Amino acid sequence: DTAVSQTPKYLVTQMGNDKSIKCEQNLGHDTMYWYKQDSKKFLKIMFSYNNKELIINETVPNRFSPKSPDKAHLNLHINSLELGDSAVYFCASSQDIRNNQPQHFGDGTRLSIL
Amino acid sequence: GQQVMQIPQYQHVQEGEDFTTYCNSSTTLSNIQWYKQRPGGHPVFLIQLVKSGEVKKQKRLTFQFGEAKKNSSLHITATQTTDVGTYFCAGWSGNQFYFGTGTSLTVIP
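Chains D and H, in that order, give the protein sequences.
Numbering-wise, the first sequence is residues 1 to 114 according to the working numbering.
Numbering-wise, the second sequence is residues 115 to 223 according to the working numbering.
Put into structure tokens, the structure is as follows:
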């Protein structure tokens with residue numbers, strides 16, 4: 001069973017569209033994250049939720065809105081997609097919010113904006 | 115702002131040669147984690163160091179955390195083709211979590 005699963009794996013869409021990426025973890029973890037990895041492989045944290053509560057909200061355009069319906073799910077909705085949004089988006093989870101917990105990553109969603 | 119830089123950005127080595135990546139933070143980190151990302155894959159947790167000056171080994175990999183808790187290194191002895199990938203350090207500074215800029219390792223057979 002996949003521990004952290006994201007859907008879709010690939011997303012190709014037009015500029016201006018709205019899209020969502022879903023993430024689910026079956027590890028029983030309390031904390032989940034969204035990362036953006038650009039073409040130079042730089043990994044930047046976007047959001048973190050602990051038990052459905054937003055705890056990290058980095059400087060990200062407000063076109064990006066995370067939603068956590070329960071602690072096993074953290075979805076990412078993106079409005080009015082722009083060319084610069086093309087990247088790989090990774091979901092991750094850790095046992096809890098204590099900062100000594102390793103993070104488990106999903107396989108990533110490769111978003112391409114035409 | 116906070117930055118966690120790694121050098122080198124890229125490294126090509128012959129199989130059997132050693133490899134080292136260095137991680138430097140602009141502020142003190144409470145811990146340092148290392149991740150490996152294979153080409154086309156996702157980051158996978160390797161190890162965590164917490165104490166100042168700590169050294170840990172995993173087979174051919176040696177990890178160090180600096181005395182000031184602002185730098186770290188990963189050394190691979192006698193690289194193999196399976197070591198190919200990008201190595202990231204990462205750590206918490208206060209309530210913020212930062213990934214390093216990564217070092218991409220290519221191993222030439």
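Using N, Cα and C, we set each Cβ at its ideal position, and we do this for glycine too.
Keep in mind the model is a prediction, meaning the values are calculated, not measured.
Determine the burial state of Ala204/H: buried for a count of at least 16 other Cβ atoms within 10 Å of its Cβ, exposed for fewer.
In the second sequence, residue 204/H corresponds to position 90, counting from 1. Under this definition Ala204/H is a buried residue.
According to DSSP, which residues form a beta bridge with Gln128/H?
As a working note, residue 128/H is residue 14 in the second sequence. Paired residues: Ile222/H.
Quick one: give me the first and last residue of the beta strand (DSSP E) that Gly28/D is part of.
In the first sequence, residue 28/D corresponds to position 28, counting from 1. Taken as a continuous stretch (DSSP letters only), Gly28/D belongs to no beta strand (DSSP E), as it is neither H nor E.
Give the interface partners of Val164/H over in chain D, defined as CB-CB distance under 9 Å, in chain order.
As a working mapping, residue 164/H is identified with position 50 in the second sequence. The answer, in chain order, is Asn100.
Measure from the C-beta of Gly216/H to each C-beta in chain D and report whether the shortest distance is under 7 Å.
On the second sequence, residue 216/H is found 102 positions in, with the first residue counted as 1. Closer than 7 Å: yes.
Is DSSP giving Thr176/H helix, strand or coil here?
By 1-based counting over the second sequence, the position of residue 176/H is 62. If DSSP states are grouped into helix, strand and coil, Thr176/H belongs with the strands.
Since I believe Val198/H is in contact with Thr220/H (beta carbons under 8 Å), could you give me their beta-carbon distance rounded to a whole number of angstroms?
Here residue 220/H refers to the residue found at position 106 when the second sequence is read from its first residue. Here residue 198/H refers to the residue found at position 84 when the second sequence is read from its first residue. Correct: roughly 6 Å between the Cβ atoms.
Report the option in Tyr136/H, Ala192/H and Ala182/H whose CA atom is closest to the CA atom of Val118/H.
Mapped onto the second sequence, residue 118/H falls at position 4. By alpha-carbon distance to Val118/H, the top candidate from Tyr136/H, Ala192/H and Ala182/H is Tyr136/H.
Going by beta carbon distance, what residues of the same chain come within less than 8 Å of Asp132/H, once the five residues before and after it are set aside?
Indexing the second sequence from 1 puts residue 132/H at position 18. Cβ neighbours of Asp132/H within its own chain (closer than 8 Å, five residues either side excluded): His189, Ile190, Thr191, Ala192 and Thr193.
Straight-line CA distance for Ser68/D to Pro223/H?
Taking the first sequence and counting its residues from 1, the one referred to as residue 68/D is at position 68. Taking the second sequence and counting its residues from 1, the one referred to as residue 223/H is at position 109. C-alpha separation (whole angstroms): 46 Å.
Hey, how far is the Cα of Gly108/D from the Cα of Lys40/D?
As a working mapping, residue 108/D is identified with position 108 in the first sequence. As a working mapping, residue 40/D is identified with position 40 in the first sequence. Spanning the two alpha carbons is a distance of roughly 16 Å.
Residues bridged to Asn138/H by DSSP?
For this step, residue 138/H is matched to residue 24 along the second sequence. Met119/H and Asn185/H, per the DSSP bridge assignment.
Are the C-beta atoms of Gly16/D and some chain H residue less than 7 Å apart?
The count along the first sequence starts at 1 and reaches residue 16/D at position 16. Taking Cβ atoms only, chain H never reaches closer than 7 Å to Gly16/D, which makes this a no.
From which residue to which residue does the beta strand (DSSP E) around Asp70/D run?
As a first step, residue 70/D is located in the first sequence; it is residue number 70 there, counting from the start. Its beta strand (DSSP E) spans residues Phe64 to Asp70.
Closer than 8 Å, Cβ to Cβ, to anything on chain D: give me those residues from the segment 150-161 of chain H, in chain order.
Gln151, Gly155, His156, Pro157, Val158 and Phe159
Assign Lys83/D to one of three DSSP states: helix, strand, or coil.
Counted from its first residue, the first sequence places residue 83/D at position 83. It should be pointed out that residue 83/D corresponds to Leu in this sequence rather than to Lys. Leu83/D falls in the helix class under three-state DSSP.
Give me the Cα-Cα distance between Lys173/H and His104/D, rounded to the nearest whole angstrom.
On the second sequence, position 59 is the one that residue 173/H refers to. On the first sequence, position 104 is the one that residue 104/D refers to. Between Lys173/H and His104/D, the C-alpha separation is close to 22 Å.
DSSP state of Thr59/D mapped onto helix, strand, coil:
Here residue 59/D refers to the residue found at position 59 of the first sequence. Looking at Thr59/D - three-state DSSP - the assignment turns out to be coil, as it is neither helix nor strand.
Please work out which residues of its chain come closer than 7 Å, Cβ to Cβ, to Ile56/D, disregarding the five sequence neighbours upstream and downstream, and give them in chain order.
For the purposes of this step, residue 56/D is taken as the residue at position 56 of the first sequence. Closer than 7 Å at the Cβ level, and outside the excluded window around Ile56/D, lie Ile45, Phe47 and Ser48.
Determine whether the Cβ of Thr112/H lies closer than 7 Å to any Cβ atom of chain D.
There is no way to answer for residue 112/H, as the model of chain H reaches only from 115 to 223.
What are the residues that DSSP puts in a beta bridge with Val12/D?
Translated into positions along the first sequence, residue 12/D becomes position 12. Beta-bridge pairing links Val12/D to Ser112/D.
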